[in-house]
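Residue numbers (the UniProt record's numbering): 1 to 341. Taking it in order: structure first as structure tokens, then the write-up.
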């Protein structure tokens, strides 16, 4: 999914390949090889790079199999996991993200400076979750190339959504590690301006991916994931180190620092669960067989990253200091912490 997709390997492939969003939906590069009359095309270059593209059934023009490649029939479990994640995101991620949006929008006090970034991230995740029915119908039944433009746009949104996580981490980092500087930049207008810039970058990336295809943005995507992962890990470890050192020998952490500590742990959990797998697994892409990589590993890695649409709001909800109103027929209320971060 990331930079290593560009590694040259006769077993795996030499190009970045987002199996979720084909670069030219269902248009064959060459006639299908003898072992497959369905939707699997390969072209071997002199340097043995393997390029994969989707095609329709060469004879009947039917839809692709739900496990994507005919060779994946022996290992369809990655795709089962993928579709399971899609359904989970729709059923759980959508209402949770809506709850986060509503809670932040109606919060009148005890607001965190990071709430603006969390609010924007929840909007992106809600949109991605709501695209699930359209994607599943098109992927499994229609195979309409026009709908793929919208699907690629949605995945472009998801690809660079971690930029808002980076903003959250940097905000927490400045608040805890450099509190004096942070005091001078607490104005939310600054964060609104940053959000506008991030939104512009996300929309530009997504439109490019939608119109020009996956290959047009693969280097940008690789850079964003590496940058986001490195910055988030650095910021969160730095914050945890400072907070733990500040309470050494004390019985209780100050409410303000405790709130910041909770936020940092949430972000760190998201990083480990959703973004560590691709960073850890993909450098070894050249060692995998085609079936293992295309049918199991890459599918699972994409699914784990997509799962962040549900994990992010769920973790945020668990740290909510107060949720006024009713959720699932029950009112939820907790005593808020003192102070703001």
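For glycine and all other residues, C-beta sits at the position ideal for the given N, C-alpha and C.
Report task. Can you give me the start and stop residues for the alpha helix (DSSP H) that residue 122 sits inside? Result -> 115 to 130
Query raised in the report: How about residue 270 and residue 311: are their beta carbons less than 8 Å apart?
Result: yes
Query - Selected residue, minimal CA-CA separation from residue 116, among 128, 127, 129 and 102 - result: 102
Requested in this report: May I have the straight-line CA-CA distance separating residue 213 from residue 152, to the nearest angstrom?
Outcome: 8 Å
**Report entry** alpha helix (DSSP H) segment containing residue 67, residue limits
**Finding:** Run containing residue 67: none; DSSP gives neither H nor E here.
Query raised in the report: For residue 202 versus residue 157, is the C-beta distance shorter than 8 Å?
Result: yes
Report task. Kindly give me the distance between the Cβ atoms of residue 120 and residue 164, rounded to whole angstroms, as I take these residues to be in contact under 8 Å. Result -> 5 Å
Query raised in the report: alpha helix (DSSP H) containing residue 305: first to last residue?
Result: Per DSSP, residue 305 belongs to the alpha helix (DSSP H) from 298 to 306.
Query - For residue 141, the first and last residue of its enclosing alpha helix (DSSP H) - result: Looking at the DSSP string, residue 141 is not in any alpha helix (DSSP H), and its letter there is neither H nor E.
Query raised in the report: So residue 90 is in the alpha helix (DSSP H); what residue range does that whole segment cover?
Result: Unbroken run through residue 90: none, as it is neither H nor E.
**Report entry** Segments of 4+ residues assigned as alpha helix (DSSP H) that fall wholly inside the stretch 144 to 205
**Finding:** 145 to 160, 162 to 177 and 179 to 183
Query - Three-state secondary structure (DSSP) of residue 107 - result: Coil, per DSSP.
Query raised in the report: Touch check for the stretch 78 to 96 and the stretch 128 to 136: three-plus C-beta pairs under 8 Å?
Result: Between the stretch 78 to 96 and the stretch 128 to 136, the count of C-beta pairs closer than 8 Å reaches three or more; the two stretches touch.
Query raised in the report: Do you know how far the Cα of residue 283 is from the Cα of residue 316?
Result: Roughly 31 Å separates the two Cα atoms.
Query raised in the report: Of all the alpha helix (DSSP H) runs that stay within the bounds of the stretch 236 to 298, which reach a length of 4 or more residues?
Result: 255 to 270 and 276 to 281
Query - Residue of 264, 318, 301 and 118 minimising C-alpha distance to residue 194 - result: Of the candidates 264, 318, 301 and 118, the residue whose Cα lies closest to the Cα of residue 194 is 118.
Query raised in the report: Looking only at its own chain, which residues have a Cβ that is under 7 Å from the Cβ of residue 177, when we skip the five neighbours before and after it?
Result: Spatial neighbours of residue 177 in its own chain (CB-CB distance under 7 Å, excluding positions within 5 residues in sequence) are listed in chain order as 238, 239 and 242.
Report task. Please list, in chain order, all residues of the same chain as residue 174 whose beta carbon is under 8 Å from its beta carbon, the five residues on each side excluded. Result -> The answer, listed in chain order, is 181, 182 and 185.
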